[in-house]
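Worksheet for the structure shown next.
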Amino acid sequence: MASSDINCALPERRRKSGAGEETGRGGFMETRLFHEFLVLTKLLNFSRAAEQLGMTQPVLTRHIKYLEEQFGAQLLDRNTHKVELTMAGRLLAEEAAKIISQYEASFSVVQSALGKGKQKLAIAFLGEATRGFLLSFLTEFRRGHAAIVVECSDTEIDTIPAALAKRATDLAFSIRPNRQVDDGLQRIALFNDPLCAAVNRNHPLAERDSISIREIGNWPLIGVNRRDFPLAGTCNSHFVERYGVEFKPVIECANLQTCCFNLELHDNMVVMLPKHRRDLLGPNSVMLDIEEKDCQYIVELVWDPQNRNPSISTFVDDLRAYADTRGWGEGMLL
24 MASSDINCAL PERRRKSGAG EETGRGGFME TRLFHEFLVL TKLLNFSRAA EQLGMTQPVL
84 TRHIKYLEEQ FGAQLLDRNT HKVELTMAGR LLAEEAAKII SQYEASFSVV QSALGKGKQK
144 LAIAFLGEAT RGFLLSFLTE FRRGHAAIVV ECSDTEIDTI PAALAKRATD LAFSIRPNRQ
204 VDDGLQRIAL FNDPLCAAVN RNHPLAERDS ISIREIGNWP LIGVNRRDFP LAGTCNSHFV
264 ERYGVEFKPV IECANLQTCC FNLELHDNMV VMLPKHRRDL LGPNSVMLDI EEKDCQYIVE
324 LVWDPQNRNP SISTFVDDLR AYADTRGWGE GMLL
């Protein structure tokens, strides 16, 4: 929710009733102030948070001080080097996220019931991983739910957790290695996509049909930088490290597209990628199958269970039915 969505003047800490008696502490809590606090908790930087919120830093500081006065607790530890959340601050961040989510959901439901607006559903997806079936499914979904405005955006895997947490997106089609995860998100596994390797046409392995993970360890790798892009990097490192091979790329890139570009220029290196991303390979590269059949990616739909957007359950139910009628399983992308 943008900071301008709710016109807010700071309420008095204690207000007088008509008889001149003071009412309870704080009166009402403004949703806007909670939103500002949540933005600050994500960035932990007053100047950057104020810039994102479209306000001056002194105003944001004053608003946070007001919240601290209302709750009677210090929410942030601030010094010249960094800003950190206190225990009270972490608790308020959790509760504020719930309040904002519930407010937005309630507002959407009431507006829809009164015929004063359409529900919105923001969806992020990862390029070719879901583009093919998503176009077909969304055509059917929009036909059956004209009151829901669907907004789609192509994204990168490492941006998805923050986008879900900030409600910049409600649902995300993502991809991950086939392993257990515990990130607090709800998920539906849709289908699998095998891990593959790519080499330059001049590489000694170029005439092969397949390669093992341990063989990959004998060649220099081009891979995504795990320090800056941990989720994308793990999409490769998980598989090789599971077989005792060190994942230490000689060339580190910001994304898979750049990895495949560099492969065109190096005839002795290897890039690992999901099979559906073979479209990224240039004319001087070829793809090899991975011999270990347990090296699979899971293409899935994920969302934050704290998000109260009523359209999420509608979308999820329709997608389940769509998947069931097609018997989705391993190899659907191929």
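To get my numbering, take the position in the sequence shown, counting from 1, and add 23. For each residue, glycine too, the CB sits at the ideal point set by N, CA and C.
Residue i versus residue j - alpha carbon distance
i: residue 65; j: residue 290; result: 43 Å
i: residue 237; j: residue 226; result: 17 Å
i: residue 217; j: residue 67; result: 39 Å
i: residue 73; j: residue 232; result: 55 Å
i: residue 87; j: residue 81; result: 10 Å
i: residue 338; j: residue 272; result: 40 Å
i: residue 48; j: residue 205; result: Since pLDDT at residue 48 reaches only 39, below the 50 mark, its modelled position is unreliable, and no value is offered.
i: residue 50; j: residue 95; result: For residue 50, the predicted structure reports a pLDDT of 35, less than 50, and the residue's modelled location is therefore unreliable. A value from the coordinates is still provided. Spanning the two alpha carbons is a distance of roughly 14 Å.
i: residue 298; j: residue 253; result: 20 Å
i: residue 235; j: residue 211; result: 30 Å
i: residue 114; j: residue 143; result: 29 Å
i: residue 97; j: residue 107; result: 11 Å
i: residue 155; j: residue 176; result: 14 Å
i: residue 165; j: residue 133; result: 21 Å
i: residue 121; j: residue 202; result: 29 Å
i: residue 185; j: residue 251; result: 15 Å
i: residue 230; j: residue 151; result: 27 Å
Closest by C-alpha distance to residue i, when choosing among the options
i: residue 359; options: 218, 288, 257, 292; result: Examination of residue 359 is not possible in this model, given that the chain is present from 24 through 357 alone.
i: residue 91; options: 111, 104, 342, 161; result: 111
i: residue 320; options: 199, 348, 240; result: 199
i: residue 125; options: 254, 114, 190; result: 190
i: residue 172; options: 348, 62, 332; result: 332
i: residue 261; options: 317, 116, 309; result: 317
i: residue 58; options: 84, 308, 123; result: 123
i: residue 105; options: 71, 210, 186, 266; result: 71
i: residue 315; options: 282, 281, 239; result: 239
i: residue 248; options: 267, 107, 266, 280; result: 280
i: residue 340; options: 167, 250, 109, 184; result: 167
Burial state of residue i (16 or more Cβ within 10 Å)
i: residue 55; result: buried
i: residue 43; result: With a pLDDT of 33 at residue 43, under the threshold of 50, the modelled position of this residue cannot be trusted; read the value that follows with caution. Looking at its Cβ environment, which holds fewer than 16 other Cβ atoms inside 10 Å, residue 43 is exposed.
i: residue 269; result: exposed
i: residue 306; result: exposed
i: residue 102; result: exposed
i: residue 79; result: exposed
i: residue 170; result: exposed
i: residue 342; result: buried
i: residue 300; result: buried
i: residue 365; result: In the structure as shown, the chain starts at 24 and stops at 357, and residue 365 therefore has no counterpart that could be examined.
i: residue 288; result: exposed
i: residue 322; result: buried
i: residue 83; result: buried
i: residue 192; result: buried
i: residue 153; result: buried
i: residue 159; result: exposed
i: residue 348; result: exposed
Within 8 Å, strictly: CB atoms of residue i and residue j
i: residue 344; j: residue 213; result: no
i: residue 275; j: residue 246; result: yes
i: residue 208; j: residue 178; result: no
i: residue 313; j: residue 220; result: yes
i: residue 145; j: residue 174; result: yes
i: residue 241; j: residue 286; result: no
i: residue 327; j: residue 147; result: no
i: residue 228; j: residue 292; result: no
i: residue 76; j: residue 69; result: no
i: residue 255; j: residue 181; result: yes
i: residue 196; j: residue 157; result: yes
i: residue 304; j: residue 283; result: yes
Whole-number beta carbon distance between residue j and residue i, since they are thought to touch under 8 Å
i: residue 194; j: residue 324; result: 6 Å
i: residue 119; j: residue 60; result: 6 Å
i: residue 259; j: residue 295; result: 5 Å
Distance cut-off 7 Å: residue i Cβ against heavy atoms of the ligand GDP
i: residue 188; result: For the structure depicted, the ligand GDP is absent and the ligand set is empty, with no information on it obtainable.
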